[in-house]
Amino acid sequence: MNSYIKNKSRLKHMSEQESFWDNGSFLVVTDKTKPAMIWTAQELRRRGKKVYVLDLSDRPDEGSITAISGLPTEIDCAVIGVTRRDPADVIEEIMKMGIKKFWIHLRTDTADAKRVCQQAEVQCISGRCPMMYLAPGGLNIHSMHRAVAKIFNKY
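In the working numbering, each residue carries its 1-based index in the sequence shown increased by 49.
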């Protein structure tokens, strides 16, 4: 079987969550309350993706992007994991850049964030940890989380 047919078959069986990571550039928004956000950025870079990190914490790392105005405009998707402010506010600001695909980290999604995405008719994945889909193989906390999610049909 040639690789085109294999890839075409794989795409038919990919979930929305799995295919989200096939995009080329990502904005990872963090306030440093969710460690998985930094792991997400690291794993995306390891996979050769273009990654920008917007650090909204009280103590941003030196050289960090700390304002939306500091971001380039050619970003495909945003992964949001903030708890110190409503992600809906962040999404509204980021949508002005033209981003139409959002992943809101597990336990950081709010009703307002989902409403904003729904009203704007943009893609919104919520209630899942990105690392369930991004973690490398082998035994680790993320692969165990992935296995349990699959068992309970939550993947």
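The beta-carbon is built from N, C-alpha and C at its ideal position, and this holds for glycine as well.
Straight-line gap, residue i to residue j (C-alpha atoms, nearest Å)
i	j	result
residue 166	residue 111	32 Å
residue 57	residue 145	Confidence at residue 57 is low in this model, with a pLDDT of 44, below 50, so its placement is unreliable and no value can be given for it.
residue 129	residue 171	14 Å
residue 90	residue 131	14 Å
residue 123	residue 173	19 Å
residue 109	residue 147	25 Å
residue 199	residue 186	15 Å
7 Å CB neighbourhood of residue i in its chain, flanking five on each side removed
i	result
residue 155	176, 177, 178
residue 98	73, 74, 75
residue 114	101, 102, 103, 104, 120
residue 141	165
residue 159	135, 136, 137
residue 65	174
residue 169	144
residue 139	78, 129, 131
Residue from the options with nearest C-alpha to residue i
i	options	result
residue 119	78, 95, 161, 130	78
residue 161	148, 93, 107, 134	134
residue 71	80, 88, 96, 86	96
residue 284	174, 151, 157, 202	Because the chain spans 50 through 204 in this model, residue 284 falls outside it and cannot be assessed.
residue 69	186, 127, 147, 94	127
residue 94	147, 184, 107	184
Enclosing alpha helix (DSSP H) for residue i [first to last residue]
i	result
residue 88	84-95
residue 184	Here residue 184 belongs to no alpha helix (DSSP H), and DSSP marks it neither H nor E.
residue 140	136-144
residue 68	65-69
Cβ shell of residue i (< 8 Å), same chain only, five flanking positions each side left out
i	result
residue 67	182
residue 150	69, 72, 125, 126, 127, 171, 172
Counterpart residues of residue i in DSSP-defined beta bridges
i	result
residue 177	154
residue 75	100, 126
residue 114	103
residue 167	In DSSP, residue 167 forms no bridge with anything.
residue 172	150
Residues near residue i in its chain [Cβ-Cβ closer than 6 Å; skip 5 each side]
i	result
residue 153	129, 136, 162, 175
residue 117	142
residue 92	183
residue 80	105, 106, 131, 133
residue 201	none
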